[in-house]
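In my numbering, the protein residues as written are 180 to 572. We put the CB at the ideal spot given by N, CA and C, even for glycine. As the structure is a computational prediction, the values presented were derived from the model and not from experiment.
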Amino acid sequence: MADEPSRDAPTAATRKHLADLIAFDTTSRNSNLDLIRHVEAYLADLGVASELSYDADGRKANLYATLGPTDRPGIALSGHTDVVPVDGQDWSSDPFQVAERGGKLYGRGSCDMKGFLAVCLAWAPRFLDADLATPVHLCFSYDEEVGCLGVRTLLDALRDKPVRPRAVVVGEPTGMQVINAHKGKLSMRAEVRGLSCHSALAPQGVNAVQAAARLAVKLAEMAERKASEGPFDRAFDVPHTTVHAGVLHGGTALNIVPSEATLDFEVRNLPDDDPHALMDEAMRYARERIEPAMHAIDPSTGFSFHELSHFPALDTPPDAELVTLAKALAQANDTGKVAFGTEGGRFQEAGLPAVVCGPGSIAQAHKPDEFVAADQLAACERFMDRLVERLSG
C-alpha cells in the first residue's frame, strides 16, 4: 500500500497531520483552542469522543481521548500543543508552514513536539481497526513550554475517573531513545526594593541592582559547588544539579541609584537532589548577608521572592514494566537520562509511570529553522506499529 511506513520516510497521513498542526500558531501566549477543536473534530469523525479540560480563562484546553475499550487502563501517548515564539528569529521559510528540504521537515513545533502528535493522529485509525485489548489514551496539553502548567489541569480531570492510564509515553524529541529519567526545575524571581538618590550621594541610597548582583554572585558560587561536589549521576548529559541566573533588570540612568531590580534564577535538579533546599539557601543568604546593610539605611528595602514555575524530576526505575515495553517498541537495548524537563515528572507525581520517547533531536528545538528529520518520523511510526501489535495481543 502506498501509505505504508518505510524505513526512511513518513506516511502521507503523518505529513498531512504535521502540516495541519503546524499551521496553528499555538505559541504559548496564544490560545490553542483552534488546534484542539481541529483534533476533536478529527477524532469525532473516527467515532472517538474527546474530553476537554480548560484553563481558568477558557482560552486553552487539554484534550483526552481513548482509542479502544474504555473500561480498562491503557497506554497514554502524551504531548503538548504549545510552541515557543519565533520573534526575532531568522527563518528561511514561513515557520507556520511545513517546508521539506533534504529529508527534513521544517516548521515551528515540527520537532518540539507536533511531529509526535502528528504520528499519534495518523495512527488513530490503525489503533481503532486493531480491536485493541488494551486501549491507547491521547493526552494533548497546553502551556508545557511555560512550566508544564496545562497538564496539571488534565491530571486533575483524570484524578476522579474510574479508569486512568496505567502508564504514559511522553513524545518529546529524544531521537526515539527511551529516556527513563530527567531533571526537575524550580525557577524563582527575586524582586529587590532599594532607595533611590543621586549617584553622587550613592552611600545615602540603597542600590537595588547591586543587591541583586550580589545574589547572582552567590548563585554562581552555588553552581560551582554543585559542579565540583555533586551529587553526581553520570548517566545524565549534565551529571549534576545546575544553578543558573538568567535575567537581571534594573536601573533607569547611570546617575541615579536604582530603587528597583528583578533577578530570575533557576535550579535544574537531579531526581535525588532537593531544589527547594538550594532555593532556601539563596533566600537565606539574601536575608542574612545582604538585607542587614540595606535595612540600616532604610528598613523598607529588601527582597521579595516569587516562584515562577516548578516541575518535578522524572525517575522511572530501569527495570519497570513500562521501560521494558518502551525499549521493545523502540527496539532499544538501553535507556538514557536528560537534563531537559518534560511533563513526565508530573505524570509520575500523579502515580502514573512515565518514560520519554519521541522523534527528533532536542538540539533542534526552539531554534530558527526548527526541523524534524523524515526518518525520525518514520521510526516513530514503526514504534506505533509495534504498539498496535502489543496492545491487540
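**Prompt:** Are at least three pairs of beta-carbons, each pair with one atom in the region 471 to 487 and one in the region 362 to 378, less than 8 Å apart?
**Reply:** yes
**Prompt:** Can you tell me the Cα-Cα spacing of residue 557 and residue 386, whole angstroms?
**Reply:** If you number the sequence shown from 1, residue 557 lands on position 378. If you number the sequence shown from 1, residue 386 lands on position 207. Spanning the two alpha carbons is a distance of roughly 57 Å.
**Prompt:** When we look at the beta-carbon of residue 525 and count the other beta-carbons within 10 Å, is it buried (16 or more) or exposed?
**Reply:** Looking up residue 525 in the sequence shown gives position 346. By the 10 Å Cβ count, residue 525 comes out buried.
**Asked** Where does residue 367 fall in DSSP's three states?
**Response** Walking along the sequence shown from the start, residue 367 turns up at place 188. DSSP, read as helix, strand or coil, puts residue 367 in strand.
**Message:** Tell me the DSSP secondary structure of residue 225 in three-state form.
**Reply:** Here residue 225 refers to the residue found at position 46 when the sequence shown is read from its first residue. Residue state, collapsed to three classes: coil.
**Request:** Compute the Euclidean distance between the alpha carbons of residue 225 and residue 249, then round it to the nearest angstrom.
**Result:** Looking up residue 225 in the sequence shown gives position 46. Looking up residue 249 in the sequence shown gives position 70. One C-alpha to the other measures close to 15 Å.
**Message:** Please state whether the Cβ-Cβ distance between residue 315 and residue 425 is less than 8 Å.
**Reply:** By 1-based counting over the sequence shown, the position of residue 315 is 136. By 1-based counting over the sequence shown, the position of residue 425 is 246. Going by C-beta atoms, residue 315 is not nearer than 8 Å to residue 425.
**Prompt:** Hey, out of 458, 533, 529 and 567, whose CA is closest to residue 339's CA?
**Reply:** In the sequence shown, counting from the first residue as 1, residue 339 sits at position 160. It is 529.
**Request:** Please list, in chain order, all residues of the same chain as residue 391 whose beta carbon is under 8 Å from its beta carbon, the five residues on each side excluded.
**Result:** By 1-based counting over the sequence shown, the position of residue 391 is 212. Same-chain partners within the cutoff: 369, 371, 427, 429, 440, 441 and 442.
**Message:** Give me the DSSP bridge partner(s) of residue 535.
**Reply:** For the purposes of this step, residue 535 is identified with residue 356 of the sequence shown, where counting begins at 1. DSSP output for residue 535 lists 349 and 358 as bridge partner(s).
**Asked** Near residue 292, what residues of its chain come up, given a Cβ to Cβ distance below 7 Å and the 5 sequence neighbours on each side ignored?
**Response** For this step, residue 292 is matched to residue 113 along the sequence shown. Closer than 7 Å at the Cβ level, and outside the excluded window around residue 292, lie 258, 259, 350, 351, 352 and 537.
**Prompt:** What does a CB cutoff of less than 8 Å around residue 518 pick up in its chain, not counting 5 residues either side in sequence?
**Reply:** Sequence index remark: in the sequence shown, residue 518 carries index 339 (1-based). Here the set comprises 361, 362, 415, 416, 417, 421 and 447.
**Runs of alpha helix (DSSP H) lying entirely within the region 488 to 557, each at least 4 residues, in chain order** = 500 to 509 and 523 to 528
**Message:** Within 10 Å of its beta-carbon, does residue 438 have 16 or more other beta-carbons around it, so buried, or fewer, so exposed?
**Reply:** Counted from its first residue, the sequence shown places residue 438 at position 259. When all chains shown are included, residue 438 counts as buried.
**Asked** Does DSSP put residue 323 in a helix, a strand or coil?
**Response** As a working mapping, residue 323 is identified with position 144 in the sequence shown. In the structure shown, residue 323 adopts coil according to DSSP, grouped into three states.
**Request:** Identify which residue in 468, 532, 278 and 332 has its Cα closest to the Cα of residue 240.
**Result:** Reading the sequence shown from its first residue, position 61 is the one you call residue 240. Of the listed residues, the one whose Cα sits closest to residue 240 is 332.
**Prompt:** What's the C-alpha gap between residue 181 and residue 543?
**Reply:** Taking the first residue of the sequence shown as position 1, residue 181 is located at position 2. Taking the first residue of the sequence shown as position 1, residue 543 is located at position 364. Residue placement at residue 181 is poorly supported in this model, since its pLDDT is 45, which falls under 50; the coordinates still yield a value, given next. The alpha-carbon atoms of residue 181 and residue 543 are separated by roughly 30 Å.
**Request:** Could you say which of 563, 472 and 478 lies nearest to residue 510 if we only look at CA atoms?
**Result:** As a first step, residue 510 is located in the sequence shown; it is residue number 331 there, counting from the start. Per the Cα distances, 563.
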